[in-house]
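In the working numbering, the protein residues as written are 2 to 342.
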């Protein structure tokens, strides 16, 4: 697992922990967990500052920051229903009116997955009149972590100029937005309203954390799943030409409720990169680096079988950090020094 993936998992763990503590009324512990989730989301954005996906991470951090402010205020004075109402994060605030500027060219390989996503979302959005039998509104992206599922969702949103609503378990299950099943209904109501002017994509990352089946369930998970099933049934009706799409991403499809999986009419496997794709990924991430003459990208691609695209980015970034650190450690005029090959 790459450093970026580890940070994502840590942020998710703290967010879920914060929501659970929040629902239990353990405000001080919830504040601490929310703050740790915020720290890790910001760290993700700093590691890869040029990524268009940073808007998603920072938006989640802002939502948690708003909740922390409400909790701190309620610790100073008894919370009232009005206070909680002021602290609510409206789903309207979660909409990215301009989708992340990710293009198909930013995704190395995954030609089969790209083709499947275009067939399911892009073509029906461009010419709905050609699809009298309807088209998929639920798309499930599954596969190992770090292989491009979020990038695919962002690229298709950019292609059709869709409004992008990234949600996670914390935003749905948290009581500061209201009861969880009401949050689901509110989310889809907002999406349907926005879809009157342009397509809307609801993107649910780590889908299994929200829709997974567990031996012991608390906090209304069953009611939330049932509400999701009801809402998805409403958008997949072929007689209803609404352009609202639900794209879910998961590393653990086996944990999902079977009835929920059936609502995703299009299920797309996003595999780890093969040799040629790893080679292209190395070329992509090293094109701005000064490489020594003995660096063999083909050999690196061969040695990194099983690596994800995110893993390869970590390798290249680590080399960059190591080489550049030499400039600062040699006590030279680092404002003019250049990294060695």
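Even glycine gets a Cβ: it sits at the ideal position worked out from N, Cα and C.
Residue i in three-state terms, based on DSSP
i	result
residue 142	strand
residue 167	strand
residue 347	Not covered by the structure: residue 347. The range shown for the chain is 2 to 342.
residue 307	coil
residue 97	strand
residue 257	strand
residue 172	helix
residue 290	coil
residue 103	coil
residue 134	coil
residue 232	helix
residue 198	coil
residue 295	coil
residue 331	coil
C-alpha gap between residue i and residue j, whole angstroms
i	j	result
residue 105	residue 120	14 Å
residue 63	residue 257	29 Å
residue 255	residue 300	35 Å
residue 60	residue 294	42 Å
residue 26	residue 35	14 Å
residue 305	residue 8	21 Å
residue 44	residue 15	14 Å
residue 251	residue 209	6 Å
residue 115	residue 321	30 Å
residue 126	residue 136	10 Å
residue 111	residue 229	29 Å
residue 56	residue 292	31 Å
Terminal residues of the alpha helix (DSSP H) in which residue i lies
i	result
residue 156	150–160
residue 201	From DSSP, residue 201 is part of no alpha helix (DSSP H) but of the beta strand (DSSP E) over 201–205.
residue 108	Premise fails: residue 108 is in no alpha helix (DSSP H) and is neither H nor E.
residue 210	208–212
residue 283	276–287
residue 182	181–195
residue 126	124–127
Of the residues the options, the one placed nearest residue i, counting alpha carbons only
i	options	result
residue 68	24, 109, 98 and 56	24
residue 52	314, 331 and 320	314
residue 352	146, 187, 200 and 168	Here the chain comprises residues numbered 2 to 342, so residue 352 is not present and cannot be evaluated.
residue 75	96, 59, 32 and 202	32
residue 236	292, 138 and 186	138
residue 151	318, 248 and 113	248
residue 1	17, 227 and 266	Nothing about residue 1 can be read from this structure; the chain reaches only from 2 to 342.
residue 96	45, 311, 164 and 183	164
residue 109	22, 39, 156 and 41	156
residue 143	134, 135 and 153	153
residue 148	331, 185 and 309	309
residue 283	272, 66, 318 and 264	318
residue 188	206, 198, 118 and 166	166
residue 141	130, 264, 47 and 133	264
residue 130	243, 13 and 185	243
residue 297	311, 201, 279 and 323	279
residue 232	182, 269, 312 and 65	182
Closer than 7 Å: residue i CB and nearest the ligand NAP heavy atom
i	result
residue 96	As far as ligands go, the structure on display features none, and thus does not contain the ligand NAP.
Residue i, enclosing beta strand (DSSP E) - first and last residue
i	result
residue 267	267–270
### Query
Taking the runs of the alpha helix (DSSP H) that are 4 residues or longer, which of them lie wholly in the segment 13–93?
28–48, 55–77 and 82–88
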